[in-house]
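In this note's numbering, the protein residues as written are 101 to 262.
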């Protein structure tokens, strides 16, 4: 952990989009980072960029949070790393089909990533936050959770759970 830090933020879905933006901005505000996503190469590139620009310590964990074994690896990081003060649950997938046209296996995979992984990571980090008396969680949902669209099948319902 770098000196003068707000702690460490673990950001899921960090290799691109909202997750990468959160990572960059959190580092700029004084957080060290643990970046989690499937694409290790993208994570390493982002980590190098953030470290060069901010001087913050950045660790990468390549993990597919749609896979239970990978979720458990990230849970272990959250349980053992006492520097983690912020969890950003950003990883997620969506669909662009109606519910009737959606594949049940695809819906199950979406639940695993968008709901189950988020819940498991939250349960892994909260006990440490309580013991240390500090910590925060940011869950990234979607506007579709409150303003559903027909072509998004079950996505909006799953994001409502977030």
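Beta carbons: idealized from backbone N, C-alpha and C, even for Gly.
Alpha-carbon to alpha-carbon, residue j and residue i
| i | j | result |
| --- | --- | --- |
| residue 215 | residue 153 | 33 Å |
| residue 107 | residue 138 | 24 Å |
| residue 122 | residue 205 | 30 Å |
| residue 234 | residue 145 | 30 Å |
| residue 262 | residue 168 | Since pLDDT at residue 262 reaches only 48, below the 50 mark, its modelled position is unreliable, and no value is offered. |
| residue 116 | residue 232 | 31 Å |
| residue 159 | residue 110 | 9 Å |
| residue 151 | residue 203 | 41 Å |
| residue 192 | residue 238 | 14 Å |
| residue 177 | residue 225 | 9 Å |
| residue 219 | residue 188 | 12 Å |
| residue 161 | residue 208 | 24 Å |
Distance cut-off 7 Å: residue i Cβ against heavy atoms of the ligand NAP
| i | result |
| --- | --- |
| residue 239 | With respect to small molecules bound, the structure shown includes none, and the ligand NAP cannot be examined in it. |
Start-to-end residues for the beta strand (DSSP E) that takes in residue i
| i | result |
| --- | --- |
| residue 184 | 184–189 |
| residue 108 | 108–112 |
Residue range of the unbroken alpha helix (DSSP H) whose run includes residue i
| i | result |
| --- | --- |
| residue 165 | Residue 165 -> no alpha helix (DSSP H), and no H or E assigned at all. |
| residue 205 | 204–211 |
| residue 230 | 218–232 |
Residue i, buried or exposed, once every other Cβ within 10 Å from all chains shown has been counted against 16
| i | result |
| --- | --- |
| residue 148 | exposed |
| residue 223 | exposed |
| residue 230 | exposed |
| residue 182 | exposed |
| residue 236 | exposed |
| residue 240 | buried |
| residue 119 | buried |
| residue 129 | exposed |
| residue 125 | exposed |
Residue i - partner residues in DSSP beta bridges
| i | result |
| --- | --- |
| residue 139 | None, per the DSSP bridge assignment. |
| residue 132 | 108 |
| residue 237 | 187 |
| residue 159 | 134 |
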